[in-house]
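S.K.: Pasting a structure below so you can have a look.
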Amino acid sequence: MRQLFFCLLICLLPLHAHAGVYTYIDADGNRVYTDQPRSDDAEQIQLAPSNNMSGGTQIQPPTVPLTMEEPKPPAYQLLRILIPEPDVTIREITGNMIVTLTSEPSLLPGHSYRLLLDGQIVGTPGRSPVFPLENIDRGTHQLSAEIIDASGRILERTPSQPFHMKRISLAEKRRAHPCKKADYGVRPECPIEDKPKEPRDIPLIPFI
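Just so we're aligned: the sequence shown equals residues -19 to -1, 1 to 189 in mature numbering (1 follows the signal peptide of the UniProt record, and there is no 0).
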C-alpha cells in the first residue's frame, strides 16, 4: 500500500523544476510523503526528470495555412458568333461569306480571336472580330470561335453552330433577280455581252 500511495503521489504532484517530494516517519511510525518538509528529519526524494518539455524550448510544427486561394473568375462572360445566325442558309455564287464575333468584355490585351470551320482553323487569329471566308463548298458546315492568349492557350470557346451554303448558279440567280439595263456589266450574272442591243433609228427617206 505504501508503494502504491507513493506512486500516486508522484503522479499527482506538479513536477516543476523547483518542486520536491519529501518523506519522513511520523509519531506513529508511519512513512509519510509530502511536498513540504514538515520536520527536520524529512528526507528529499530525487525524482526522475519529466518528459514534459515545457521547461525548455519546444519545437513547434510548421504552421499550415488554413485559408485556400479562391478560384479566379473566368476572363470572359460571353463569346458568341453574331453573323451568320445558327442554321442559316447562305445563297452565294462564289461561296464567300463574312463571320462576325462578339465577346463580353471586349478582347483583353494579349488575347486574340480564332475561327474554326468544321473543326479546322481558318484565317489568321487576330484582334479583329471579323473574318472573311472565301469559296466555301456547298453543303452544311460547322462554325465555332475561340479566344486564345499569347501562348495559344484557349480561354473561351463557343459551341459549334451549323450553317448551310447554297451556291446557286448564275442562271438561277438571274431568274430569281432578272437583269435590268443598268445591271449589265455590274452584276456577275449580267455580263455585258448579254446586254440586249439597242435598236437603231432608221432615217426616213423622203418620197419623190
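C-beta atoms are modelled at their ideal positions from N, C-alpha and C, and glycine is treated no differently.
Once the 5 residues before and after residue 68 are set aside, which same chain residues still bring their CB inside 6 Å of it?
M.R.: Contacts found: 143.
S.K.: Quick check: what's the CA-CA separation for residue 65 versus residue 162?
M.R.: In a straight line, the C-alpha of residue 65 is about 32 Å away from that of residue 162.
S.K.: Which residue's Cα is closest to the Cα of residue 24: 4, 120 and 12?
M.R.: It is 4 whose Cα lies nearest to the Cα of residue 24.
S.K.: Could you give the distance in angstroms between the alpha-carbon of residue 194 and the alpha-carbon of residue 157?
M.R.: What is shown of the chain runs -19 to 189, which leaves residue 194 out entirely.
S.K.: Which value, in whole angstroms, describes the spacing of the CA atoms of residue 177 and residue 116?
M.R.: Approximately 31 Å between the Cα atoms of the pair.
S.K.: Beta-carbon within less than 6 Å of residue 77's beta-carbon, same chain only, minus the 5 sequence neighbours each way: which residues are those?
M.R.: Around residue 77: 115.
S.K.: Would residue 141 pass as a contact of residue 100 if the rule is Cβ separation under 9 Å?
M.R.: Contact: yes.
S.K.: Leaving out five residues before and five after residue 83 in sequence, what residues of the same chain have Cβ atoms less than 6 Å from its Cβ?
M.R.: The answer, listed in chain order, is 61 and 63.
S.K.: Would you grab the beta carbon distance between residue 71 and residue 111 for me? Rounded to a whole angstrom, and I think it's under 8 Å.
M.R.: Between residue 111 and residue 71 the Cβ distance is about 16 Å, and since that is not below 8 Å, they are no contact.
S.K.: Tell me the rounded alpha-carbon separation between residue 173 and residue 118.
M.R.: Their backbone Cα atoms lie some 28 Å apart in a straight line.
S.K.: Using DSSP with H/G/I as helix, E/B as strand and the rest coil, what is residue 117?
M.R.: Note: residue 117 maps to coil in three-state DSSP.
S.K.: Flag this pair as yes or no: are the beta carbons of residue 96 and residue 136 separated by less than 9 Å?
M.R.: No, the Cβ-Cβ distance between residue 96 and residue 136 is not below 9 Å.
S.K.: Use the C-beta contact count for residue 179: other C-beta atoms within 10 angstroms, 16 or more gives buried, fewer gives exposed.
M.R.: Looking at its Cβ environment, which holds fewer than 16 other Cβ atoms inside 10 Å, residue 179 is exposed.
S.K.: Where does residue 151 fall in DSSP's three states?
M.R.: Here residue 151 sits in helix by DSSP.
S.K.: Who are the near neighbours of residue 175 in its chain, counting only those whose CB is closer than 7 Å to its CB and skipping five residues on each side?
M.R.: Within the same chain, residue 175 has close Cβ partners 165.
S.K.: Buried or exposed for residue 73, going by 16 or more other Cβ atoms inside 10 Å?
M.R.: Counting Cβ neighbours within 10 Å, residue 73 comes out exposed, since fewer than 16 surround it.
S.K.: Measuring alpha carbon to alpha carbon, tell me which residue in 56, 89, 169 and 134 is nearest residue 150.
M.R.: Out of 56, 89, 169 and 134, 169 has the C-alpha closest to the C-alpha of residue 150.
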